[in-house]
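2 protein chains.
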Amino acid sequence: MPVVVIKVEYLPGVEDPEALTILKNLNILGYGGVKSVQTSKSYQLNVQGSEAEAKKIAEDVAEKILTNPVIQKYSIRILKK
Amino acid sequence: MPVVVIKVEYLPGVEDPEALTILKNLNILGYGGVKSVQTSKSYQLNVQGSEAEAKKIAEDVAEKILTNPVIQKYSIRILKK
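These protein sequence lines map, in sequence, to chains A and C.
Be aware that the first sequence starts at 77, since it is given in my numbering, and climbs by one per residue.
Be aware that the second sequence starts at 77, since it is given in my numbering, and climbs by one per residue.
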């Protein structure tokens with residue numbers, strides 16, 4: 077069964093509030109060496125069918141459901157064929 | 077500047093409510109081919125210092141701040157040395 081991973085992250089230049097909060101708190105806690113933080117969310121889908129079908133479904137799902145194209149982008153990776 | 081990625085995911089056997097909601101909705105929307113979903117969150121840190129220092133900071137941060145060890149686990153990957 078193909079396994080696809082959809083990774084959703086913020087577009088460059090878009091503020092990532094969770095990352096900014098983490099960075100601020102790391103600096104307060106003494107981890108001043110951390111200069112920047114970026115977050116991303118991944119969704120791993122186990123899909124029945126061919127690799128091509130799995131990729132098509134992942135693209136559909138990423139575009140229609142998981143990504144807000146105004147502020148986010150996605151990338152798809154086939155983990156297992 | 078070393079770049080480290082901390083990936084936080086649910087432990088096996090722990091219910092992932094977001095993944096279950098996505099799976100249910102994908103099936104309702106006609107993507108019956110999707111048999112299971114797992115989510116994970118990644119934090120990419122740009123750290124000043126050596127690779128060893130960056131790894132140490134990432135481990136600290138993952139353990140103390142980003143992971144709830146009762147239900148989650150983390151893995152660390154050095155992206156750039």
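All C-beta atoms, glycine included, are put in the ideal place defined by N, C-alpha and C.
Legend entry - Euclidean distance between Cα positions of Gln148(A) and Ser118(C): Per the coordinates, the alpha-carbon of Gln148(A) lies some 15 Å from the alpha-carbon of Ser118(C).
Legend entry - Assigned secondary structure, Ile147(C) (DSSP; H/G/I helix, E/B strand, else coil): Residue state, collapsed to three classes: coil.
Legend entry - Interface flag, Thr115(C) vs chain A, CB-CB below 7 Å: Answer yes: the Cβ-Cβ gap between Thr115(C) and chain A drops below 7 Å somewhere.
Inset, instruction - Would you kindly work out how many angstroms separate the C-alpha atoms of Lys83(A) and Thr115(C), rounded to a whole number? - result: 10 Å
Inset, instruction - Going by DSSP, name the residue or residues bridged to Glu135(C). - result: Beta-bridge pairing links Glu135(C) to no other residue.
Legend entry - Cβ contact check for the segment 124-134 of chain A and the segment 88-95 of chain A: 3 or more pairs under 8 Å: no
Inset, instruction - Measure how close the beta-carbons of Val123(C) and Val110(A) come, nearest whole angstrom, since I'm counting them as under 8 Å. - result: The Cβ separation is near 5 Å, so the contact holds.
Inset, instruction - Would you mind working out which of Glu85(A), Lys131(A) and Val80(A) sits nearest Pro145(A), comparing C-alpha positions? - result: Glu85(A)
Inset, instruction - Specify the secondary structure class of Lys157(A) as computed by DSSP and reduced to three states. - result: coil
Inset, instruction - Would you mind sorting Leu121(C) into buried or exposed? The rule is 16 or more other CB atoms within 10 Å of its CB. - result: buried
Inset, instruction - For Tyr150(C), I'd like the list of residues in its chain whose CB is within less than 6 Å of its CB, leaving aside the five on either flank, ordered along the chain. - result: Ile82, Val84, Ala138 and Thr143
Legend entry - Simplified DSSP assignment, three categories, for Glu91(C): Under the three-state reduction of DSSP, Glu91(C) is assigned to coil, being neither helix nor strand.
Legend entry - Closest residue to Val79(C) among Ser112(A), Ile154(A), Arg153(A) and Glu135(A) (Cα-Cα distance): Closest by alpha carbon: Ser112(A).
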